[in-house]
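Read the structure below first, then the notes.
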Amino acid sequence: MDSAWLDHLYRLVLQQMREGIILSDAEGKIVFINDAAEQIRNIRRENILGNSMVNCHKESSREKVLRALDYLKTHEGSSISRMVTDVMNDKIYENVYAPIFEPGVGLQGIAVISRDVTEQRKSEESKANYQRAQQIAHDTLREQYHNLVLTSMEMLCNLLETRDDYTDGHSKRVCEIAVKLYEQKYGVNELLLDVQWAAKLHDIGKICIPDSIVQKPGKLTSEEYEAIKQHSRLAGEIIRPLDPGSRIWPIIRHHHERYDGKGYPDGLQGIQIPDGSRVIAIADAYDAMRSSRPYRKTMNYEQCIQEIRSNAGKQFDPEWVEIFLDLANTGSIE
Ligand SMILES: [Fe+2]
Numbered sequence: 002m003d004s005a006w007l008d009h010l011y012r013l014v015l016q017q018m019r020e021g022i023i024l025s026d027a028e029g030k031i032v033f034i035n036d037a038a039e040q041i042r043n044i045r046r047e048n049i050l051g052n053s054m055v056n057c058h059k060e061s062s063r064e065k066v067l068r069a070l071d072y073l074k075t076h077e078g079s080s081i082s083r084m085v086t087d088v089m090n091d092k093i094y095e096n097v098y099a100p101i102f103e104p105g106v107g108l109q110g111i112a113v114i115s116r117d118v119t120e121q122r123k124s125e126e127s128k129a130n131y132q133r134a135q136q137i138a139h140d141t142l143r144e145q146y147h148n149l150v151l152t153s154m155e156m157l158c159n160l161l162e163t164r165d166d167y168t169d170g171h172s173k174r175v176c177e178i179a180v181k182l183y184e185q186k187y188g189v190n191e192l193l194l195d196v197q198w199a200a201k202l203h204d205i206g207k208i209c210i211p212d213s214i215v216q217k218p219g220k221l222t223s224e225e226y227e228a229i230k231q232h233s234r235l236a237g238e239i240i241r242p243l244d245p246g247s248r249i250w251p252i253i254r255h256h257h258e259r260y261d262g263k264g265y266p267d268g269l270q271g272i273q274i275p276d277g278s279r280v281i282a283i284a285d286a287y288d289a290m291r292s293s294r295p296y297r298k299t300m301n302y303e304q305c306i307q308e309i310r311s312n313a314g315k316q317f318d319p320e321w322v323e324i325f326l327d328l329a330n331t332g333s334i335e
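My numbering puts the first residue of the sequence shown at 2, with every later residue one more than the last.
Printed below as a string of structure tokens:
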């Protein structure tokens, strides 16, 4: 086969490749540039041929190129890749520098293969922009939903607080005590907010119980007591649709469970009862005892503390009682 013809064929193939090809000799003098290299790198063959590979780069990057070429000259089979952003021509391309070694002879030259990635990068960028926009829309919707839920819960709190004289302030005080206890044990964490909301709304079920029972001045009959016991279950049902993560409504539903299992609505015992419910149970009972009720005189501070202490392990979680007593002893709970 005619070797000159074959050389011509090789040259044609290199000339017509989609990737830009620049070849230098072993000293780094440029000996070949194909059409694609001219186009991608926005250079002119006549200005570059015969020049040193290093001098074809911007002055600021020449030292880096020199180091890279020196490395390649002594590392057969290696390559170095560089991404170039050409702002002037709105182009992004990748250059791969590779040494050409002839087995048994040594370094023959350096090849620089350039690939235009502008379109690919732009499509990646527009995809990323689209995803970012989607994420922002999603976050906004989520925030709006969250605010709507909070507003609904605030409305329910207001509704409950205006129900009667006793309830007014009770939920807020229970919330304050429960938060103090919870912070004492766990510090401030994201679950604190759940306990806070649960405490504020723990008695919301009472809006479903007739006024004649909720506001009855005297002692309740057993039927009336059974009716009022429904409030914790009903409260859980009211809050459930606003709490898709089920973080708050179970705390509310179980705030009248007892540690010994004799509470309601489900007779849960010990740690079966949600932690938040066990905290609220103490705060709720304490505030109820401290407040005046139509059918019972207010108990004094000492009596209330004694009542909580004597119910450790019965009505209340003993661990939470300890924490309550610690706070009471240091004057944090009055
Ligand atoms: Fe309650």
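Ideal placement from N, C-alpha and C gives every residue a C-beta, glycine not left out.
Remember, it's a predicted structure, so these values are computed and weren't measured experimentally.
Annotated three-state conformation of residue 239 is helix, per DSSP. Rounded to the nearest angstrom, the gap between the Cα atoms of residue 307 and residue 138 is 54 angstroms.
A distance criterion of 6 angstroms places the beta-carbon of residue 288 beyond contact range of ligand 1, judged by its closest non-hydrogen atom.
If you ignore the 5 residues before and after residue 195, its C-beta comes within less than 6 angstroms of the C-beta of 248, 249, all in its own chain and listed in chain order. The stretch 129-137 makes no contact with the stretch 44-53, as fewer than three CB pairs between them are under 8 angstroms.
Sequence-distant partners of residue 92 (beyond 5 residues in either direction) whose C-beta falls short of 6 angstroms from its own C-beta, in its chain, are 119. By the Cβ criterion, the stretch 220-229 is not in contact with the stretch 173-181, since fewer than three pairs of Cβ atoms, one from each stretch, lie closer than 8 angstroms.
Shown here for residue 63: same chain residues with a beta carbon closer than 6 angstroms to its own, the five before and five after excluded, namely 55 in chain order. In this structure, residue 204 has its beta carbon less than 6 angstroms from a heavy atom of ligand 1.
Taking C-beta atoms as the reference points, residue 185 and residue 324 count as a pair closer than 7 angstroms.
The DSSP assignment places no complete beta strand (DSSP E) segment of no fewer than 3 residues inside the stretch 173-217. Between residue 80 and residue 99, the C-beta spacing is below 7 angstroms. Between residue 114 and residue 88, the CB-CB gap reaches or exceeds 7 angstroms. Put simply, of 258, 293, 110 the residue whose alpha carbon is nearest the alpha carbon of residue 218 is 293. Residue nearest to residue 269 within the set 303, 224, 316 is 316 (criterion: CA-CA distance). For residue 272, no beta strand (DSSP E) run applies, since DSSP gives it neither H nor E.
Of 272, 242, 260, 38, the smallest CA-CA separation from residue 20 is found for 38. Here the alpha carbons of residue 253 and residue 243 stand approximately 13 angstroms from one another. Taking a C-beta distance under 7 angstroms as the contact criterion, residue 172 and residue 207 do not qualify as a contact pair. The count of Cβ pairs closer than 8 angstroms, one atom from the stretch 150-160 and one from the stretch 270-283, stays below three, leaving the stretches out of contact. In the structure shown, the three-state DSSP call for residue 264 is coil. CA-to-CA, the gap between residue 223 and residue 327 works out to about 36 angstroms. DSSP places residue 330 inside the alpha helix (DSSP H), whose first and last residues are 319-330. For residue 96, the beta-bridge partners assigned by DSSP are 83, 115.
Following the DSSP letters along the chain, one finds residue 23 inside the beta strand (DSSP E) bounded by residues 21-26. When DSSP reads this structure, residue 30 sits in a beta bridge with 53.
Taking a C-beta distance under 7 angstroms as the contact criterion, residue 288 and residue 143 do not qualify as a contact pair.
In the DSSP assignment, residue 108 is bridged to 102.
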